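These notes are about the structure you will find just below.
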Amino acid sequence: KNQVEQSPQSLIILEGKNCTLQCNYTVSPFSNLRWYKQDTGRGPVSLTIMTFSENTKSNGRYTATLDADTKQSSLHITASQLSDSASYICVVSANRDDKIIFGKGTRLHILP
Amino acid sequence: GAVVSQHPSWVICKSGTSVKIECRSLDFQATTMFWYRQFPKQSLMLMATSNEGSKATYEQGVEKDKFLINHASLTLSTLTVTSAHPEDSSFYICSAGPLRISYEQYFGPGTRLTVT
Numbered sequence: 237k238n239q240v241e242q243s244p245q246s247l248i249i250l251e252g253k254n255c256t257l258q259c260n261y262t263v264s265p266f267s268n269l270r271w272y273k274q275d276t277g278r279g280p281v282s283l284t285i286m287t288f289s290e291n292t293k294s295n296g297r298y299t300a301t302l303d304a305d306t307k308q309s310s311l312h313i314t315a316s317q318l319s320d321s322a323s324y325i326c327v328v329s330a331n332r333d334d335k336i337i338f339g340k341g342t343r344l345h346i347l348p
Numbered sequence: 135g136a137v138v139s140q141h142p143s144w145v146i147c148k149s150g151t152s153v154k155i156e157c158r159s160l161d162f163q164a165t166t167m168f169w170y171r172q173f174p175k176q177s178l179m180l181m182a183t184s185n186e187g188s189k190a191t192y193e194q195g196v197e198k199d200k201f202l203i204n205h206a207s208l209t210l211s212t213l214t215v216t217s218a219h220p221e222d223s224s225f226y227i228c229s230a231g232p233l234r235i236s237y238e239q240y241f242g243p244g245t246r247l248t249v250t
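Residue numbers (the working numbering), protein chains in the order written: chain F, 237 to 348; chain R, 135 to 250.
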C-alpha cells in the first residue's frame with residue numbers, strides 16, 4: 237500500500253534554531269518527492285522537488301535530502317524565522333497511474 | 135512561476151444552497167486539475183481529478199452528484215457543491231498541472247466554505 241509518513245507531527249523551536257523534518261514513504265514505483273509549505277488558510281507552496289537520481293536540493297534556508305534506497309527524505313531548515321511557522325507537507329508521486337500521495341504534514345511553530 | 139487562482143477566497147452560504155468555486159490557471163494551460171478538501175489541522179484529501187474535455191475522476195467516498203466538476207477549458211475548472219450542508223464546511227484547494235503527468239502541480243490559494 238502506498239503511504240507517506242511524516243514525523244514529528246508537530247514541532248516547536250526557538251527562532252534562529254535549526255530543525256529537521258522527516259518523511260518516510262512506501263510509494264512504488266517512485267517518480268518524485270516534493271516538500272510543500274502551507275501557511276494557515278493558504279494553499280501549499282512548493283519548496284523542493286526531487287527525482288530518483290537526486291540526493292539533495294536546496295531552496296534558500298531549506299535543504300531537502302532523498303535516500304531512494306531507504307525511501308526516506310528530510311527537510312532541514314536553517315536559522316529558523318518566525319515566518320517559517322507553517323505546516324510542511326511531503327508529497328510522493330508514483331509513476332503508475334500518476335498517483336499522488338500526501339503525508340499528513342508536520343506543524344512547525346517558531347517561538348520568538 | 136506558474137500561478138493558479140481560486141474564486142471566491144471565502145464564502146458563507148445557507149444549508150441547502152449550491153456554491154460554485156472556480157479554479158484558474160493564469161499563465162499556462164492545464165490539461166489536468168485536481169480538487170482537494172482540507173479539514174482543520176488535517177492534510178489535504180484528494181477529491182477528484184478533472185481532465186479538460188472529459189468527465190472527472192472521483193476518489194472513493196466522494197459523491198460525484200454532490201460535488202460537480204466541470205473542466206470546460208484549458209484554464210478553468212469549477213467545483214459546485216450542491217445542496218450544501220454544514221458538514222461540507224471545509225477548505226477547498228485546487229491544483230493545476232501543465233502536463234498530463236501529475237508531478238508538475240501548482241496549488242491555488244484555497245476557498246474557505248462555511249455552511250450555516
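Ideal Cβ positions, reconstructed from N, Cα and C, are used throughout, including at glycine.
These numbers were taken from a predicted model, which means no experiment stands behind them.
At 9 Å on the CB atoms, spell out the chain R contacts of F/I325, in chain order. Position 89 of the first sequence holds residue 325 of chain F. Here the neighbours are S177, L178.
* Can you tell me the Cα-Cα spacing of F/R343 and R/F162, whole angstroms? -> Stepping through the first sequence from its first residue, residue 343 of chain F is reached at position 107. Stepping through the second sequence from its first residue, residue 162 of chain R is reached at position 28. Near 31 Å, if we compare the C-alpha coordinates of R/F162 and F/R343.
Going by C-alpha to C-alpha distance, which of F/V263, F/F266, F/T256, F/N291 sits closest to F/Y324? Taking the first residue of the first sequence as position 1, residue 324 of chain F is located at position 88. For F/Y324, the nearest C-alpha among the options comes from F/T256.
### Within 7 Å, strictly: CB atoms of R/G242 and R/C147
What you label residue 242 of chain R is simply residue 108 of the second sequence in a count that begins at 1. What you label residue 147 of chain R is simply residue 13 of the second sequence in a count that begins at 1. Not a contact, by the Cβ cut-off of 7 Å.
**OP:** Compute the distance between the beta-carbons of R/S143 and R/T209, then report whether it is under 7 Å.
**Re:** Translated into positions along the second sequence, residue 143 of chain R becomes position 9. Translated into positions along the second sequence, residue 209 of chain R becomes position 75. No, Cβ-Cβ distance for R/S143 and R/T209 is not below 7 Å.
Under 7 Å Cβ to Cβ from F/R297, same chain only, skipping five residues before and after it: list those, please. Along the first sequence, one-based indexing puts residue 297 of chain F at 61. For F/R297, same chain residues with a beta-carbon under 7 Å away, outside a window of 5 residues either side, are I313, T314, A315 in chain order.
With DSSP as the reference, please indicate the residues paired to R/G231 in a beta bridge. Start at 1 with the first residue of the second sequence, and residue 231 of chain R comes out as number 97. Note: R/G231 is bridge-paired with R/T166 in the DSSP secondary-structure output.
Next item on the list: Alpha carbon to alpha carbon, how far is F/S289 from R/E221? Give it in angstroms, no decimals.
Entry: Your numbering for residue 221 of chain R matches position 87 in the second sequence. Your numbering for residue 289 of chain F matches position 53 in the first sequence. Near 43 Å, if we compare the C-alpha coordinates of F/S289 and R/E221.
is_contact[R/I203, chain F] using C-beta, thresh 7 Å: As a position in the second sequence, residue 203 of chain R is number 69, starting the count at 1. It does not; no Cβ of chain F falls within 7 Å.
Exercise. Report all residues from its chain with a CB closer than 7 Å to the CB of R/V249; omit the five preceding and five following residues, and keep chain order.
Key: The sequence position of residue 249 of chain R within the second sequence is 115, counting from 1. Closer than 7 Å at Cβ, skipping near neighbours: C147, S149, A218, H219, P220, D222, S223.
R/S184 burial status per 10 Å Cβ neighbour count (16 or more: buried) | In the second sequence, residue 184 of chain R corresponds to position 50, counting from 1. Its Cβ being crowded by 16 or more others within 10 Å, R/S184 is buried.
At a Cβ threshold of 7 Å, is F/P348 touching chain R?
Counting from one through the first sequence, the residue named residue 348 of chain F turns up at place 112. No, because no Cβ of chain R sits closer than 7 Å to the Cβ of F/P348.
task: Check each residue of the stretch 266–292 of chain F: if its Cβ is closer than 8 Å to any Cβ of chain R, include it; give the result in chain order.
output: Cβ contacts with chain R: S267, N268, R270, Y272, G277, R278, G279, P280, V281, S282, I285.
Counted within 10 angstroms of its Cβ, other Cβ atoms place R/H205 as buried (16 or more) or exposed: Walking along the second sequence from the start, residue 205 of chain R turns up at place 71. Using a 10 angstroms sphere on the CB of R/H205, the tally of other CB atoms reaches 16 or more, which defines it as buried.
*asked:* Run through chain F and tell me which residues come within less than 9 Å of R/R246, C-beta to C-beta.
replied: As a first step, residue 246 of chain R is located in the second sequence; it is residue number 112 there, counting from the start. Chain-ordered, the chain F residues with CB closer than 9 Å to the CB of R/R246 read G277.
Closer than 7 Å to chain R by CB, F/K237: Walking along the first sequence from the start, residue 237 of chain F turns up at place 1. It does not: the Cβ of F/K237 has no partner Cβ on chain R nearer than 7 Å.
Near F/S282, which residues of its chain fall below 7 Å by C-beta distance, leaving aside the five closest residues on each side in sequence? On the first sequence, position 46 is the one that residue 282 of chain F refers to. Excluding residues within five positions, the ones whose Cβ falls inside 7 Å are R270, Y272.
Judging by CA-CA distance, which residue of F/L250, F/C326, F/P280, F/D275 is the nearest neighbour of F/L311? Position 75 of the first sequence, counted from the start, is the residue given in the question as residue 311 of chain F. That would be F/C326, whose Cα lies nearest to the Cα of F/L311.
Next item on the list: Ignore the nearest five residues each way along the sequence and tell me which others in R/T151's own chain have a CB closer than 7 Å to its CB.
Entry: Counted from its first residue, the second sequence places residue 151 of chain R at position 17. Closer than 7 Å at the Cβ level, and outside the excluded window around R/T151, lie A218.
Between F/W296 and chain R, is there a C-beta pair that is closer than 7 Å? In the first sequence, the residue the question calls residue 296 of chain F occupies position 60. The sequence given here places Gly at residue 296 of chain F; Trp does not occur at that position. With 7 Å as the cut-off, F/G296 does not count as an interface residue toward chain R.
Among F/S243, F/Y261, F/I248, nearest to F/S329 - alpha-carbon criterion
On the first sequence, position 93 is the one that residue 329 of chain F refers to. The shortest CA-to-CA distance from F/S329 to any of F/S243, F/Y261, F/I248 is the one to F/Y261.
| query | If you measure beta-carbon to beta-carbon, which residues of the stretch 211–230 of chain R are closer than 9 Å to chain A? | reply | In the structure shown, chain A does not exist; the protein chains are F and R.
(Q) Just to confirm the assignment, what range does the beta strand (DSSP E) spanning R/T216 have? (A) Along the second sequence, read from residue 1 onward, the residue named residue 216 of chain R stands at position 82. Run containing R/T216: none; DSSP gives neither H nor E here.
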